[in-house]
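A.B. asks:
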Amino acid sequence: MKPAPFAYLRPSTLEEALAALAGEQGAKVLAGGQSLVPLLNMRLAAPSMLVDINALPDLGHVRVAEDGVRVGALARHAEVLASAEAAHAQPLLGMALSHVAHPTIRNRGTTVGSIVHADAAAEMPMVLRLLEGSVDVASVRGRRTVPAAELFAGPLESTLGHDEIAVQAFFPGLAPGAGVAFQEIARRHGDYALVGVAAHVETEGDAVTRARLGFVSVSDVPTVVDVTDALDDPAGTALTELEPADDIHATAAYRAHLVRVLAPRVLAAATDHARSRAGEAIHP
Amino acid sequence: MTTKMFGAKVPRVEDQRFLRGQGRYVDDLLTDDPRLLHSAVLRSPHAHARIVDIDVSDVLDVEGVVAVWTWDDLTGPMAEPLPLLIPHPALTHGRTQYALAKDEVNYVGEAIAFVVAVDRYVAEDAVSRIRVDYEYLEPVVGIPAARAAKHAVHADVPDNVGARMEQENGDARAAIAAAPHVLTLDLDVERSACTPMEGRGTVARWDPDTSRLTVWSSTQTSTGVRGCVAAKLGLDLAKVDVVTPDVGGGFGVKINHPWPEELLVPLAAMTLGRPVKFTEDRREHFISSAHERAQHHHVEVGFDDDGRVLGLDVEFWHDHGAYTPYGLIVPIITSTQLLGPYKPANYRVAFESLYTNTVIVTPYRGAGRPQGCFVMERTMDAISTYLGKDRTEVRATNFIQPDEFPYEHGLVFQDGRELTYDSGDYPASLVKLKELVGWDEFEEFRAEMAAQGRKVGIGLACYVEGTGVGPYEGAHVHIETSGRVKVATGLTTQGQGHQTAFAQIVADTLGVRFEDVEITTGDTRRMPYAVGTFASRAAVMSGSAIHLAALRAKEKALRIAAEALEASEDDLEIADGVVSVRGTDASIDLGTVAVLSNPLRYAFDEASKAATQFSIGDPGKPPVAEDDEPGLEGKDFYSPPRSTFANGMHAVIVETDPDTAEIRILKYAVVHDCGNLINPMIVEGQIHGGVAQGVGGALYERMAYDESGQLLNASFMDFLMPYATEVPTSIDIDHLETPSPLNPLGIKGAGEAGVIPSAAVFAAAIEDAEGFPITSMPISPSELFELRLAHADEPHPTV
Amino acid sequence: MTTEQLHEVRLHVNGSVHEVRVPARRLLSDALRHDCGLTGTHVGCEHGVCGACTVLVDGAPMRSCLMLAVSAVDAEITTVEGLTEEDGSLSPVQQAFSDCHGLQCGFCTPGFLTTITAGLRETPDPTEDEAREMIAGNLCRCTGYQNIVKSVLRAREIQAEIQGERSRS
C-alpha cells in the first residue's frame with residue numbers, strides 16, 4: 001500500500017498553483033489529504049501530479065460575518081469546529097463536524113476538501129447543500145461562485161473542472177427564527193454514517209414556514225428534501241427522493257427505517273431549536 | 001527474605017522499551033543497512049482461475065527492481081507444495097498451496113510472483129507491471145456452495161470435502177430417541193480473523209563468510225519456521241537461525257507457517273547475497289493471512305424434565321478455505337470443546353471440513369471454541385426456554401461436579417490424547433457469576449427499564465478450555481558470575497508479558513531478585529528445542545519448564561555452596577541471590593557460586609581468580625566431576641501427559657434500541673479460573689483483550705465475501721474492529737483459582753479465554769431482550785432489525 | 001521508466017533536523033521510520049484508520065501515513081521517541097501506561113501515547129468519558145482499552161502530582 005509515483009509541486013502563490021493545474025490534465029490538489037492519500041496508498045487513484053496547496057497564503061481562515069461563515073481551503077475541520085463564533089453564527093457546522101471521522105483526522109482534513117470530494121456518505125457536502133451555501137472556485141480562467149445546488153455531479157464527483165481549486169466555502173448564518181439539528185447512526189463511533197439526517201427549519205411565531213432535511217448515506221449524491229408540506233410524515237416524503245442501498249453494513253430496508261426514525265426526531269429538534277432561538281431573540 | 005513474586009501484580013519489564021519507541025519489530029530491523037532490499041507479492045485478483053501465462057518482461061525495466069520470482073523459477077523442495085503441518089487420518093484430502101502458485105489460484109490473495117527491489121514503493125510498481133493470463137474457473141464461496149458441490153475448488157476433490165470425522169461417547173441417537181423432550185437447532189457462525197495490529201513480516205540475511213542464514217520473522221513459532229526454512233532451502237538445521245523479535249500481536253494467525261514469504265525472503269537473501277525484507281500491508285493481511293470461525297451446526301438434543309441432557313448429537317460443516325496447512329485442529333477443537341462444563345450422558349459429533357475459494361483457515365484466538373461454546377450454550381438456553389426454567393438452573397443440572405475430577409469424556413482431544421478434565425469447580429463459578437452480574441435482581445431491572453420504554457436482556461455462557469497442550473517446552477537457566485540470571489525458552493512472545501511473568505517464576509524458584517532475571521524467548525540460537533505460542537500454552541508449558549530448569553540450577557548452586565561454606569545443603573537457603581546457612585552469618589552470593597562452578601585455567605577478572613587451578617578443587621579429582629558439567633546452569637523440559645483445562649463464565653446485560661436496533665452493552669461480568677495466577681494484572685489484561693475481541697466478533701466483525709470470492713471489506717474502514725467506544729466501559733472480573741494437578745505450578749492457560757463465550761453470551765442476551773431466537777452470529781443492528789420484521793407477526797412470548 | 005525525482009526535505013523531528021532525499025510519494029510514516037531511523041512510529045493500516053502511526057505535527061496529532069514527507073517541511077514533528085523527559089525518564093503519559101498495564105504487544109502504543117499527550121494539553125482534567133473519547137480514534141487489538149482509559153486518568157494524576165511538587169518547591 002504505497003502510492004504510485006507522481007510529480008509534486010508546492011507552490012507559494014495561488015497563481016502558480018492554478019497554472020500548474022491548468023498545465024497538467026492528471027494533476028490533483030493536495031490539501032489535507034485525508035481522503036486522497038488513502039486512495040493513493042491503495043493505488044485507487046494515481047494522479048500524474050500533486051499540487052500541494054498547504055504553503056499557499058491566506059487560505060486558512062474561518063471568517064464569521066453577518067451573513068455567515070467563510071471557510072478557507074486550508075482551514076482544518078478542527079479549526080472550524082473550534083471556532084465558537086462560527087458555531088454561534090451557524091450551529092449546524094459544529095453539530096455535523098463533530099461527527100466527521102475522529103479528531104486526529106479532523107486535525108489535518110480540510111472542510112473545503114471534504115466538500116469537493118463530494119462523498120454522499122460525508123457530512124459536510126450535505127451541510128453545504130442544506131444551508132444553501134456555495135463554494136468560491138478559482139482557475140486560470142478566472143473566479144466563480146458555485147452554489148451548493150450546482151456543486152455535486154454524481155457519486156464522488158463535483159462539477160469543478162480539473163484546473164479549478166475551491167478556495168473557500170460559504171455557509172450562510174442561521175437566521176433568527178430558524179433552527180437546525182443533526183443526528184446520525186454509525187456502526188462504530190467515528191465511522192461513516194449508515195444514515196445521517198440534518199434538518200433546517202424556519203419559523204414565524206409558532207408556524208413552521210419552511211422545513212428541509214439533508215441526508216447522508218441514503219443516496220449517491222448529497223441530497224436535500226423540502227418537507228415543508230409534509231411535516232407529519234417527513235420521512236415518507238423524503239424516501240420518495242432517496243435511494244437507500246444495501247451494502248455490507250446495512251440493508252436498504254434498514255436504512256429506510258433509520259430515515260423514518262431520524263427524520264421526525266431531527267425535524268422536531270430543529271423546530272425546538274428555532275423556537276428557542278426566537279425566544280432568545282425576544283428575551284436576550 | 002525475598003518477597004514472593006508469583007501471584008503479584010508486578011509491572012512489566014518489557015514496557016520500558018515499548019513506551020520509549022524502542023521496541024524492535026520485524027520492520028524495524030536492518031533499517032540502517034543500505035544493502036537491505038524490500039519485496040512485494042503479486043496476488044491473485046481472482047478466487048478461482050487457471051494461470052495460463054505470466055509475463056514479467058516489463059518488470060526488470062523498472063529502475064530499482066533487483067529480481068522477480070514465479071513458480072517456474074523455484075527448484076527442489078521450494079517447487080513442492082508447502083507442508084501440511086498437522087496430518088490427521090481423517091484428513092483424507094488435504095491440500096496445501098505452493099509458495100508461488102503453480103498453475104492454479106484458489107483464493108483472491110494467493111501469491112503468484114515475488115518481486116525484490118530497492119524499496120517497497122518500487123516493488124509495488126513492479127508488481128503492477130506483471131501481466132498474467134487467467135482462465136476463469138467457477139468459484140466456490142460459502143458453506144452452502146461447498147456442500148452443494150456444483151463446482152469443485154480442487155478438481156480432484158469433487159465433493160469439496162477435505163475431511164470427515166466422527167466421535168461418539170455412548171449412543172447419542174438412541175438416547176435422543178428415548179428422551180422425554182427433543183429439540184433441534186441450526187446455528188451459524190461467520191468468518192472473522194485475528195487482525196493483529198502488526199501484520200506478518202520476515203527479514204533474512206545470508207552471511208557468506210560463515211555460510212549461515214539468519215531469519216527474523218513475526219511468528220508464533222521460531223523453531224517451526226526454522227525447520228521449514230531448512231527443509232525447503234536444503235540447508236542443515238545448524239546453518240539456520242530464526243529469531244522472533246518483538247511481535248505486534250498474533251492471536252493465532254502467526255502460528256501457521258511457513259507463509260510463502262517466510263521461504264521466499266530467505267531464498268532471495270541467499271540468491272542475491274543481500275538482506276531482504278517483507279512487510280505485509282493491511283490489505284494483504286486481509287486477503288492472504290488466515291481467517292477462522294465460519295461453521296454451520298445442526299444440533300439434536302434429548303433431555304429430561306429437569307433439563308438434564310440425555311443425548312446430544314451435533315453435526316457441523318467447517319469452512320477451511322482453499323487449503324489445509326493446519327490440518328483439522330479447529331474443527332476437532334469445536335467438536336470436543338463444545339461440551340464445556342457439561343456431561344451429556346451420550347454424545348455424538350460429526351463434521352465435514354470443506355474447501356472454498358477463500359483465504360485459508362487456521363486457529364484464531366479461541367480456535368473453534370467460540371463456535372463450540374455458541375452451540376452448547378444456545379442449546380442450554382433453548383432447553384431452558386422450552387422447559388420454562390431459569391437458564392442457570394439448567395446449566396447447574398448438567399455441570400460436572402467438583403468431586404468428579406479427573407473427568408473423562410471418552411473422546412480424543414486436539415493433541416491426540418484423551419479428553420480428560422483435570423480440575424475445576426463449576427458450581428462455585430456460577431455462584432460468583434450470578435452475584436457479579438446481578439442475575440437474581442435482573443427481572444427487577446428489566447421492569448424498571450421497561451417502564452422507561454427501554455428493552456434490556458441478560459445472557460450467560462460457560463466454557464472449558466483445554467490449555468497448555470504438548471508436546472513440550474524447554475528452558476535454559478544460566479546464572480552468570482555477576483549473579484545475573486539469563487533464561488531462555490524457545491516459544492515466542494507477542495504481548496503476553498512473558499519477560500515479566502517468567503522472571504517472576506525464576507525469582508521465586510531460584511531465590512534471586514526479579515530485576516536480575518532476563519528472559520529471552522523465540523531465539524533458536526538460545527533454545528533450539530521448542531514448539532510455539534498457541535493454545536494458551538506459554539505460561540503452562542514454558543512457565544513449568546522454566547521452573548524445572550531453575551530448580552536444577554538451584555540444586556547445583558546449593559551443592560557448590562554447601563561445599564564452599566562447609567555446610568549441609570539442607571541448612572542452606574537462597575534469598576536475593578545470596579546463599580546462606582540458616583541461623584548463621586555464613587553466606588556466599590550466587591555470582592561467586594557461579595565462579596566456583598567453572599574451574600578455570602585463566603582468570604578473566606578479579607572474581608574469576610577464585611576459580612583458577614591453584615585456588616580451587618581437590619587436586620586428586622578431575623576438576624569437573626564425571627557426572628557434572630562446568631557452569632551454573634540448569635536446563636529442563638516440561639512435557640505433560642495431557643492438557644490442563646481452564647474454565648470460566650461470562651454474563652452480559654445489553655440494551656437493544658426499540659427504534660434503531662442498536663445494541664448497547666450495559667454490564668459485562670467475567671468469572672475466570674485459570675488455576676494459580678502468576679501475575680493477576682497480566683491475566684486481567686488478557687481477559688480485557690479477549691472480551692473486546694469477542695465483542696468485535698459478536699457485534700461488528702465479519703469477512704464479507706461476495707459470490708465471486710472477492711473480500712468486500714479488506715480494510716479497517718469496513719472490517720469493524722471495536723474502538724474504545726464499542727467495548728464495555730468496564731469489565732467486572734472475579735477469579736477462582738483451582739490449581740491444575742498436572743504441572744508443578746498449578747497453572748492453566750489464560751490467553752484465549754476472554755473471547756470464547758462472546759458469541760454465545762451476546763446471542764443469549766439479545767434473545768432475552770427481543771424474545772425471538774438468535775441463531776447466527778455476528779449480529780448487526782441491521783440484522784436485528786430484519787429479524788424483528790421477520791418475527792413481527794409472532795405473539796411476543798412472556799419471559 | 002524514467003528515474004523518479006528526489007526531493008531534498010528538511011524534517012524537524014523531536015527538536016532535531018533530518019535532511020532526507022525522498023521521492024514525492026514517500027509517506028511521512030516511512031520517512032520517519034526508514035529515512036530518519038525513528039522506528040518507534042508504527043504502521044498498522046496505511047489508510048488512516050488504526051492510528052498506530054499518529055505523530056504530533058505542530059503539537060496536533062495527525063496520521064503520518066496520510067501525509068507526504070515533502071508536505072511536512074514546515075512542521076515541527078514529535079514522535080514517540082520525543083515524548084520522554086529530558087532526563088530520559090518516562091513522561092507522565094508513558095509512566096501511566098506502565099503503571100496501569102496500558103499496553104500488551106506495544107505496537108499500537110506509540111499512537112496512543114502521542115494522541116493522549118496532545119489530548120491532555122487540550123483537556124488537562126478529563127472525565128472517564130472524555131478519556132475514552134480522547135483515544136476513540138486509535139485501534140488496539142490486545143488490551144480491550146480498559147487499561148488505556150485508566151492510563152489516561154492516571155497520567156492526569158501524575159501530571160497533577162508533578163505540578164503539586166513544583167508549586168511546593
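Chains as they are written, first to last, in the numbering used here: chain G, 1 to 284; chain R, 1 to 799; chain Z, 1 to 169. Glycine included, every Cβ here is placed at the ideal spot set by N, Cα and C. These numbers were taken from a predicted model, which means no experiment stands behind them.
Measuring CA to CA, which of R:355, R:302, R:626 and R:647 is closest to residue 426 (chain R)?
C.D. replies: Locating residue 426 (chain R) in the second sequence gives position 426, counting from the first residue. The residue with the shortest Cα to Cα distance from residue 426 (chain R) is R:647.
A.B. asks: Sort R:311, R:510, R:369 and R:442 by Cα distance to residue 536 (chain R) and report the nearest one.
C.D. replies: The residue you call residue 536 (chain R) lines up with position 536 of the second sequence. The shortest Cα separation from residue 536 (chain R) among R:311, R:510, R:369 and R:442 belongs to R:369.
A.B. asks: Chain R beta carbons: is any one of them nearer than 8 Å to that of residue 8 (chain G)?
C.D. replies: Within the first sequence, numbered from 1, the residue matching residue 8 (chain G) stands at position 8. So, not an interface residue.
A.B. asks: Give me the residue from G:147, G:176, G:82 and G:208 with the minimum Cα distance to residue 168 (chain G).
C.D. replies: By one-based count along the first sequence, residue 168 (chain G) stands at place 168. Of G:147, G:176, G:82 and G:208, the residue nearest in Cα terms is G:147.
A.B. asks: Measure from the C-beta of residue 185 (chain G) to each C-beta in chain Z and report whether the shortest distance is under 8 Å.
C.D. replies: The residue you call residue 185 (chain G) lines up with position 185 of the first sequence. So no, residue 185 (chain G) is outside the interface.
A.B. asks: Which residues mark the beginning and the end of the beta strand (DSSP E) in which residue 23 (chain Z) is found?
C.D. replies: Stepping through the third sequence from its first residue, residue 23 (chain Z) is reached at position 23. Looking at the DSSP string, the run of the beta strand (DSSP E) that includes residue 23 (chain Z) is 16 to 23.
A.B. asks: For residue 240 (chain R), which residues does DSSP report across the bridge?
C.D. replies: Residue numbering aside, residue 240 (chain R) sits at position 240 when the second sequence is read from its first letter. Partner(s): R:213.
A.B. asks: Rounded to the nearest angstrom, what separates residue 118 (chain Z) and residue 38 (chain Z) at their Cα positions?
C.D. replies: Indexing the third sequence from 1 puts residue 118 (chain Z) at position 118. Indexing the third sequence from 1 puts residue 38 (chain Z) at position 38. Taking the straight line from one Cα to the other gives about 20 Å.
A.B. asks: Ordered along the chain, which non-local residues of its own chain (more than five positions away) have a Cβ less than 6 Å from that of residue 72 (chain G)?
C.D. replies: For this step, residue 72 (chain G) is matched to residue 72 along the first sequence. Excluding positions up to five away in sequence, the list reads 59, 60, 61 and 168.
A.B. asks: By alpha-carbon positions, which one of G:233, G:214 and G:218 ends up nearest to residue 225 (chain G)?
C.D. replies: Residue mapping note: residue 225 (chain G) aligns to position 225 of the first sequence, counting from 1. Comparing Cα-Cα distances from residue 225 (chain G) to each of G:233, G:214 and G:218, the minimum goes to G:214.
A.B. asks: Considering just the uninterrupted stretch of the alpha helix (DSSP H) at residue 120 (chain Z), what are its terminal residues?
C.D. replies: In the third sequence, residue 120 (chain Z) corresponds to position 120, counting from 1. Note, residue 120 (chain Z): alpha helix (DSSP H), 109 to 122.
A.B. asks: Taking only beta carbons into account, state which residues of the stretch 102 to 122 of chain Z come closer than 8 Å to chain R, listed in chain order.
C.D. replies: The stretch 102 to 122 of chain Z vs chain R, Cβ under 8 Å: 103, 104, 105, 106, 107, 108, 109, 110 and 113.
A.B. asks: Count the C-beta pairs between the stretch 753 to 764 of chain R and the stretch 645 to 664 of chain R that are closer than 8 Å, then say yes if the count reaches three, no if not.
C.D. replies: Contact holds: three or more Cβ-Cβ distances are below 8 Å.
A.B. asks: Please check if any C-beta of chain G sits within less than 8 Å of the C-beta of residue 666 (chain R).
C.D. replies: Along the second sequence, one-based indexing puts residue 666 (chain R) at 666. False, the Cβ-Cβ gap to chain G never drops below 8 Å.
A.B. asks: Could you name each continuous alpha helix (DSSP H) segment of 4 residues or more that falls completely within the stretch 39 to 112 of chain Z, going from the start of the chain to the end?
C.D. replies: For the stretch 39 to 112 of chain Z, whole alpha helix (DSSP H) runs of length 4 or above, ordered along the chain, are 92 to 100.
A.B. asks: Listed in chain order, which residues of the stretch 342 to 357 of chain R have Cβ atoms closer than 7 Å to some Cβ of chain G?
C.D. replies: So nothing in the stretch comes that close.
A.B. asks: Going along chain G, which residues have a C-beta under 8 Å from residue 770 (chain R)?
C.D. replies: Position 770 of the second sequence, counted from the first residue, corresponds to residue 770 (chain R). Ordered by position in chain G, no residue passes the 8 Å Cβ test against residue 770 (chain R), which lies about 15 Å from the chain.
A.B. asks: Strictly under 8 Å for the Cβ-Cβ distance: is residue 721 (chain R) near chain Z by that measure?
C.D. replies: Indexing the second sequence from 1 puts residue 721 (chain R) at position 721. It does; some Cβ of chain Z falls within 8 Å.
A.B. asks: Give me whichever residues DSSP pairs with residue 3 (chain R) in a beta bridge.
C.D. replies: Here residue 3 (chain R) is taken as the residue at index 3 of the second sequence, counted from 1. BP columns for residue 3 (chain R) are empty, so no partner.
A.B. asks: Residue 499 (chain R) lies in the beta strand (DSSP E); which residues open and close that run?
C.D. replies: Numbered from its first residue, the second sequence carries residue 499 (chain R) at position 499. Taken as a continuous stretch (DSSP letters only), residue 499 (chain R) belongs to no beta strand (DSSP E), being part of the alpha helix (DSSP H) at 498 to 510.
A.B. asks: In chain Z, what lies closer than 8 Å to residue 50 (chain G) by C-beta?
C.D. replies: Working through the first sequence from its first residue, we reach residue 50 (chain G) at position 50. Neighbours of residue 50 (chain G) on chain Z, chain order: 24 and 68.
A.B. asks: Which residue's Cα is closest to the Cα of residue 607 (chain R): R:108, R:617, R:614 and R:596?
C.D. replies: Counted from its first residue, the second sequence places residue 607 (chain R) at position 607. Considering only alpha carbons, the answer is R:596.
A.B. asks: Between residue 134 (chain Z) and residue 123 (chain Z), how many whole angstroms is the CB-CB distance? I'm expecting something under 8 Å.
C.D. replies: Looking up residue 134 (chain Z) in the third sequence gives position 134. Looking up residue 123 (chain Z) in the third sequence gives position 123. Between residue 123 (chain Z) and residue 134 (chain Z) the Cβ distance is about 7 Å, and since that is below 8 Å, they are a contact.
A.B. asks: Hey, could you find the ends of the beta strand (DSSP E) residue 656 (chain R) is sitting in?
C.D. replies: By 1-based counting over the second sequence, the position of residue 656 (chain R) is 656. Looking at the DSSP string, the run of the beta strand (DSSP E) that includes residue 656 (chain R) is 644 to 656.
A.B. asks: Does any residue of chain G bring its CB to less than 8 Å from the CB of residue 120 (chain R)?
C.D. replies: Start at 1 with the first residue of the second sequence, and residue 120 (chain R) comes out as number 120. It does: the Cβ of residue 120 (chain R) has a partner Cβ on chain G nearer than 8 Å.
A.B. asks: Across the stretch 168 to 180 of chain G and the stretch 702 to 717 of chain R, are there enough close Cβ pairs to call them in contact, namely three or more that are closer than 8 Å?
C.D. replies: The stretch 168 to 180 of chain G is not in contact with the stretch 702 to 717 of chain R.
A.B. asks: Taking only heavy atoms of the ligand NAP into account, decide whether any of them is closer than 7 Å to the Cβ of residue 375 (chain R).
C.D. replies: Ligands are entirely absent from the displayed structure, and the ligand NAP is therefore not among its contents.
A.B. asks: Can you grab the Cα-Cα spacing for the pair residue 729 (chain R) / residue 132 (chain Z), in whole Å?
C.D. replies: In the second sequence, counting from the first residue as 1, residue 729 (chain R) sits at position 729. In the third sequence, counting from the first residue as 1, residue 132 (chain Z) sits at position 132. The straight-line gap from Cα to Cα measures roughly 9 Å.
A.B. asks: Check the C-beta distance from residue 78 (chain Z) over to residue 14 (chain Z) and give it rounded, since I have them as a contact under 8 Å.
C.D. replies: Along the third sequence, one-based indexing puts residue 78 (chain Z) at 78. Along the third sequence, one-based indexing puts residue 14 (chain Z) at 14. Sure, about 6 Å apart at Cβ, within 8 Å.
A.B. asks: Step through the CB atoms of chain R and report whether any lies within less than 8 Å of the CB of residue 28 (chain G).
C.D. replies: Within the first sequence, the letter at position 28 stands for residue 28 (chain G). With 8 Å as the cut-off, residue 28 (chain G) does not count as an interface residue toward chain R.
A.B. asks: Thinking just about the alpha-carbon of each residue, which of G:4, G:67 and G:229 is nearest to the one in residue 46 (chain G)?
C.D. replies: To locate residue 46 (chain G), count along the first sequence from 1; it is residue 46. Nearest option by C-alpha distance: G:4.
A.B. asks: Is there a Cβ from chain G that is less than 8 Å from the Cβ of residue 637 (chain R)?
C.D. replies: For the purposes of this step, residue 637 (chain R) is taken as residue 637 along the second sequence, with counting starting at 1. False, the Cβ-Cβ gap to chain G never drops below 8 Å.
A.B. asks: Count the other CB atoms, across all protein chains shown, that sit within 10 Å of the CB of residue 57 (chain R); report buried if there are 16 or more and exposed otherwise.
C.D. replies: Along the second sequence, one-based indexing puts residue 57 (chain R) at 57. Exposed: under 16 other Cβ atoms inside 10 Å.
A.B. asks: What does DSSP give as the partner residues of residue 158 (chain G) in its beta bridges?
C.D. replies: Counted from its first residue, the first sequence places residue 158 (chain G) at position 158. Answer is G:152.
A.B. asks: Mind checking the stretch 25 to 50 of chain R against chain G and listing, in chain order, the residues whose C-beta falls within less than 7 Å of any C-beta there?
C.D. replies: Within the stretch 25 to 50 of chain R, no residue has a Cβ that lies closer than 7 Å to any Cβ of chain G.
A.B. asks: So is residue 53 (chain Z) in contact with chain R if we call contact Cβ pairs under 8 Å?
C.D. replies: Taking the first residue of the third sequence as 1, we reach residue 53 (chain Z) at position 53. No, no contact with chain R.
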